[in-house]
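Quick note on my numbering: the sequence shown kicks off at 1 and runs consecutively.
To start, the structure under review is shown below, and the notes come after it.
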Amino acid sequence: MHEFLPFAHFVCTRGMRILFAAALSLGLLLPAAASTEQQTTSYAIESQRASESLLLGITRAGKRLVTVGERGHVLYSDNEGESWQQGKVPTRQLLTAVFFVDDKYGWAVGHDAQILHSSDGGENWIRQYGNSEFEAPLLDIWFADRQRGFAVGAYGSMLRTDDGGASWIEIGDELDNEDGFHLNAITHIKDAGLFVVGEMGIMLRSADGGDSWESIVSPYEGSLFGVLPTRQAQSLVVYGLRGHLYRSEDFGDSWQEIKLSTPQGGQLRQGLAGGALLDDGRLLVVGHGGAILSSKDNGQSFTTRLREDRLSYAGVAMRPDGGLLLVGQGGIHLVPATVNP
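The structure is reproduced here in structure tokens:
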């Protein structure tokens, strides 16, 4: 039995798609049209309100900010989020994650197992891969350089490319995941290798650049929605449902549960959906109910803030002035440095 996928990493009774813990309580549903689009080129519609729509991932392409979300929206900003322009994107499907290796080359993934590529910093995109008959989203993507990358998603799907996305190979059947648990997030851990987390606490790691993978014992049997490296070698944190967050200093051989508290001193119960390792070494994690977590000690402890809007957030980036850019429910939210945790 499959659990719900994270934030807008969706699954529902007819095969697709309910928001993770956030939408379970808020009742947010995606348009039914998301599962019916054909693979003919249908470009995302330009909208002045795209920055207010559901957005699920944010990253940097050099100094530029790029965010992705519903209806194929890709937005980019060259002034730290003060204003946004919309990219030309050959889909109207929901996009769930975005990753850039430099200021030009990036990839985004989403529903219908779509993989999109940009070579100009997010302004123009092409479709590299898609399967409208496979009613499941891809949920995250990571690249080592302009050539080698991996995409992960629902029902245990994992794809690999060694030619910049010109061709993709499905390698999910090679993983120790016979139940086909959803794979929600992938990243690289310093001086260690690649790490994947997902449904029912599944954890996979690769110490050889993704040529081979092994499953490891998880400290948690519920779904994990994100994984972040720290500045320390072999160190990482994983997080997911109901405020569960764990830390490892040995690439997943052992784990410590990090107890998270609300500003009022109670136990944090909000689902955690996205995060970022900042240039200064801090970790930021965001999630349901306006939760923003910050760590200055490589994940050993976190301070928590719950925003008054209680919206659900899926991604976060830092501005040079110390302010935050949050993406999720309601689009893009700018948080002044003076109110950051």
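Think of the CB as a built atom: it goes at the ideal place given N, C-alpha and C, for glycine as much as any other residue.
Excluding the 5 residues preceding and the 5 following residue i in the sequence, name in chain order all residues of the same chain whose CB lies nearer than 6 Å to its CB.
i, result
"Leu159", "Ala151, Trp168, Glu170"
"Gln128", "Ile115, His117, Gly165"
"Leu278", "Met318"
"Gly198", "Phe181, His182, Leu183, Asn184"
"Trp255", "Pro219, Tyr246, Ser248"
"Gln232", "Asn298"
"His111", "Ala34, Gln93, Leu94, Pro137"
"Lys88", "Asn124"
"Ser223", "Glu3, Glu199, Gly240, Leu241"
"Glu80", "Arg319"
"Ala108", "Val68, Leu95, Val98, Leu116"
From residue i to residue j, what does the alpha carbon distance come to, in whole angstroms?
i, j, result
"His73", "Ala44", "6 Å"
"Arg60", "Gly209", "23 Å"
"Asp309", "Gln300", "28 Å"
"Ser172", "Glu46", "For the record, residue 172 in the displayed sequence is Gly; it is not Ser. When rounded, the distance between both Cα atoms is 35 Å."
"Gln86", "Val196", "30 Å"
"Phe99", "Asp120", "13 Å"
"Arg242", "Gly287", "10 Å"
"Gly153", "Asp140", "7 Å"
"Leu260", "Arg146", "38 Å"
"Gly315", "Pro336", "16 Å"
"Met353", "Val217", "Nothing about residue 353 can be reported from this structure: the residues present for the chain run from 1 to 341 only."
"Asp321", "Ser132", "42 Å"
"Lys63", "Gly122", "12 Å"
"Leu334", "Leu326", "6 Å"
"Gly130", "Leu194", "24 Å"
"Val238", "Thr338", "27 Å"
"Phe134", "Ser212", "25 Å"
"Asp103", "Ala113", "25 Å"
"Arg49", "Leu272", "26 Å"
"Tyr76", "Leu54", "15 Å"
"Asp179", "Arg205", "17 Å"
"Ile126", "Gly265", "48 Å"
For residue i, does the count of other Cβ atoms within 10 angstroms reach 16, so buried, or fall short, so exposed?
i, result
"Tyr177", "For the record, residue 177 in the displayed sequence is Asn; it is not Tyr. Answer is buried; the Cβ neighbour count reaches 16."
"Pro137", "buried"
"Pro229", "buried"
"Glu257", "exposed"
"Ile332", "buried"
"Glu70", "buried"
"Gly149", "buried"
"Ala192", "buried"
Let's see if you can read the secondary structure: which residues bound the beta strand (DSSP E) around residue i?
i, result
"Gly102", "This sequence places Asp at residue 102; Gly is not what is there. Where Asp102 is concerned, there is no enclosing beta strand (DSSP E), given that its DSSP letter is neither H nor E."
"Gly184", "Per the sequence shown, residue 184 should be read as Asn rather than Gly. Asn184 -> beta strand (DSSP E) spans 183 to 189."
"Ala166", "Where Ala166 is concerned, there is no enclosing beta strand (DSSP E), given that its DSSP letter is neither H nor E."
"Gln128", "126 to 129"
"Asp140", "138 to 143"
"Met318", "313 to 318"
"Val197", "193 to 198"
"Ser77", "74 to 77"
"Arg60", "55 to 61"
Of all the options the options, which has the alpha carbon lying nearest to the alpha carbon of residue i?
i, options, result
"Ser83", "Glu133, Thr91, Glu52", "Glu52"
"Gly201", "Gly156, Gly130, Gln329", "Gly156"
"Tyr105", "Arg242, Glu70, Trp142", "Trp142"
"Leu56", "Arg305, Thr91, Ala97", "Ala97"
"Leu324", "Leu284, Thr303, Thr304, Met203", "Leu284"
"Lys190", "Glu221, Phe251, Met203, Gly130", "Phe251"
"Leu306", "Asp321, Asp162, Gly289", "Gly289"
"Gly274", "Ala113, Ile258, Gly222, Ala291", "Ala291"
"Thr380", "Phe302, Gly240, Leu236", "Because the chain in this structure spans residues 1 to 341, residue 380 falls outside the shown range and cannot be described."
"His188", "Asp179, Ala50, Leu236", "Leu236"
"Leu175", "Gly265, Ser215, Asn79, Leu75", "Ser215"
"Gly226", "Val68, Leu268, Gly62, Ala276", "Ala276"
"Ile234", "Ala207, Gly222, Gly149", "Residue 234 is actually Gln in this sequence, not Ile. Checking every option, the nearest Cα to that of Gln234 belongs to Ala207."
"Arg269", "His244, Asp280, Asp163", "His244"
"Gln267", "Ala144, Val66, Thr304", "Thr304"
Can you name, in chain order, every residue of its own chain whose Cβ lies under 7 Å from the Cβ of residue i, other than the five neighbours on each side?
i, result
"Thr36", "Note on Thr36: pLDDT 35, under 50, position unreliable in the model; no value is reported."
"Arg282", "Ser294, Ser295, Lys296"
"Thr41", "Pro90"
"Glu221", "Met200, Gly201"
"Asp78", "Arg64"
For residue i, is the beta carbon positioned less than 8 Å from some heavy atom of the ligand FMN?
i, result
"Leu236", "Inclusion of the ligand FMN in the displayed structure is not the case, the ligand content being empty and no account of it being possible."
For residue i, which residues in the same chain have their Cβ closer than 8 Å to its Cβ, ignoring the five residues on either side in sequence?
i, result
"Asp253", "Ile216"
"Asp163", "Gln147"
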